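Residue numbers (this note's numbering): 869 to 943.
Some notes on the structure that comes next.
Now the structure itself:
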């Protein structure tokens, strides 16, 4: 459906882990999806950063299996 105001929200999704900022394509209740593959990362803490029109929300997360592909489990 067309947006009558002509406004599209600017949305950013990132995972901060091990000193790196990794782009996310999707954030689900218990999974994250990377935009592109990266080097493997062992299990560790990280932060999911969601920005919508300049308003940022940061969620602390734990990656119990680390990063081994583009699909990442978290809690």
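Where a beta carbon is used, it is the ideal one built from N, C-alpha and C, also for glycine.
Computed from a predicted structure; not experimentally measured.
Element boundaries [beta strand (DSSP E), containing residue 903]: Mapped onto the chain shown, residue 903 falls at position 35. Looking at the DSSP string, residue 903 is not in any beta strand (DSSP E), and its letter there is neither H nor E.
Residue 919 and residue 880 closer than 7 Å at C-beta: The residue labelled residue 919 in the question sits at position 51 within the chain shown. The residue labelled residue 880 in the question sits at position 12 within the chain shown. It is a contact, given that the beta carbons lie within the stated cut-off.
Simplified DSSP state of residue 921, which is helix, strand or coil: Mapped onto the chain shown, residue 921 falls at position 53. Three-state result, residue 921: coil.
Opening and closing residue of the beta strand (DSSP E) in which residue 885 lies: Here residue 885 is taken as the residue at index 17 of the chain shown, counted from 1. Run containing residue 885: 879-885, per the beta strand (DSSP E) assignment.
Exposure of residue 928, with buried meaning 16 or more beta-carbon neighbours within 10 Å: On the chain shown, residue 928 is found 60 positions in, with the first residue counted as 1. Residue 928 should be labelled exposed.
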